[in-house]
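Report on the following structure.
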Amino acid sequence: MWTSPSISKPSRLPCGSSAASPPCLPPTCVRRKFGAPKPQPAAGAPAASTRRPFRWAARSDSPAGSSGNPSKNNLLKKRGVNNMQQERVLVVSAHALDFLWRCGGTIAKYTREGSTVRIINLTNGARGESNELWKKNPGITAEQITAERKREAQQSSQMIGAEIQFMDWQDHMLEPNLDRTLQLAREMMQFNPTIILTHFTSDPMNPDHPTTAQMVIEAFRCAQTSGVFPGETPCGPAKIFMFEPAYPEVVGYVPDVYIDITDTMELKMKAMEAGGAQKVLAQAYDKRNGYRGHLASKLSGNKSIKYAETFQRFKPYVGDRFC
């Protein structure tokens, strides 16, 4: 089956994605039928057991990806129950540090658990996302700003444990075309992600963001289609999640996934504070992640959640049980 990460109790991580949390299966239990009289044994006969047959299920102390019963492990693998160490996460970011503000805590969480995370920056944000550098440095050139934004992105990605590469396309306005879409598709085929994180499909405050999202969707379609690159191995299935835009109320963004980043928020803050060109956003996202953490705690009943990042699924969850 195809599964998608979602919130699972108590850790609020993608389903089956952490060695600390079990896969999303029902707890072991004995079902009882209410309202029916208990059968009475015949005179002299031993009492018959009224217990239902025992069914294997995940125990709360079983490792992620294991059912607690060795005979079930292969079945769980077929169903796509994985842990973070098996994930390959691709983050496609429009500008230099978009990945950090919107999902830096989640990236750090996955890399800490052993996943491979690669970030692709389509642009460096030199034109439209470097206002402070332009104001503070009269006479500075676009090339100098590009170099500085790259340095910031490389430093931040290294701090949270991710690889990064740059397409070096121009921002404001990012122009999509067939060649660029196919170039992005080839990068996807080479990396073969299991999870893709990118921008929301609407954002009138910064058109580069929805342009990036649309390019990701189209490129992944090409990367999965054998006829686009004949003779090459297409991508396998991947789950796409769109991170929270700057103004969710304006675009109708409604998160359906909350990722608990309480244990990686301190690292995210250090990485954000290192981004000199947009330091003002560090305080804003500290507050936003705190607010989302408050909501996640209330929604889940898990009082240990203090910070969270939110996402919206591109496709609905599909499975043979609720998750």
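In terms of the numbering used here, the sequence shown is residues 660 to 982.
Glycine included, every Cβ here is placed at the ideal spot set by N, Cα and C.
All of these numbers come straight from a predicted model, not from anything done at the bench.
With a cut-off of 8 Å on the beta carbons, I'd call V909 and P869 a contact; round off their distance for me.
-> At roughly 12 Å, the Cβ-Cβ gap does not stay under 8 Å, so V909 and P869 are not in contact.
If you draw a straight line from the C-alpha of I964 to the C-alpha of E925, how long is it?
-> 14 Å
Assuming E834 contacts I779 (C-beta within less than 8 Å), just tell me the rounded distance between them.
-> So it is not a contact: roughly 17 Å between Cβ atoms.
Cβ pair I918, E877 closer than 7 Å = no
Below 8 Å, can you find three or more Cβ-Cβ pairs linking the segment 767 to 785 to the segment 820 to 830?
-> yes
Cα separation between K929 and Q813?
-> 14 Å
Residues in its own chain within less than 6 Å of A695 by CB, not counting five upstream and five downstream?
-> Only weak support exists for where A695 lies, its pLDDT of 46 falling under 50; the coordinates are left without a value.
Does the distance from the C-beta atom of R747 to that of P896 stay below 7 Å?
-> no
Cβ-based burial, T921 [other Cβ within 10 Å; buried from 16] | buried
Count the other CB atoms, across all protein chains shown, that sit within 10 Å of the CB of R947; report buried if there are 16 or more and exposed otherwise.
-> buried
Would you tell me roughly how many angstroms separate the C-alpha atoms of T892 and S885, rounded to the nearest one?
-> 7 Å
If we count the other Cβ atoms within 10 Å of its Cβ and call it buried at 16 or more, is P975 buried or exposed?
-> exposed
For Q849 and L940, the rounded distance between their alpha carbons | 33 Å
Residues that Q971 bridges to, as DSSP identifies them | M901
Rank F758, I799, R771 by C-alpha distance to the C-alpha of T782 and give the top, closest one.
-> F758
Is the distance from the Cβ of T840 to the Cβ of M874 below 7 Å?
-> yes
Whole-angstrom distance between F981 and L756, CA atom to CA atom = 35 Å
Take the Cβ of D979 as the centre, count every other Cβ of all protein chains shown within 10 Å, and call the residue buried at 16 or more, exposed below.
-> exposed
Hey, would you say S789 sits closer than 7 Å to I804, going by beta carbons?
-> yes
Let me know the secondary structure DSSP gives D919 once reduced to three states.
-> strand
Which partner residues of Q817 appear in the DSSP bridge assignment?
-> Its beta-bridge partners do not exist; DSSP assigns none.
Minimum C-alpha distance to E811 - residue among D945, F973, K938 | K938
Comparing the C-beta of S774 with each C-beta of chain C, is any distance below 7 Å?
-> Note that chain C does not occur in the displayed structure, where there is just one protein chain.
Give the DSSP-derived three-state secondary structure of E891 in the structure shown.
-> coil
How would you write the range of the beta strand (DSSP E) that N780 sits in, first residue to last?
-> 775 to 782
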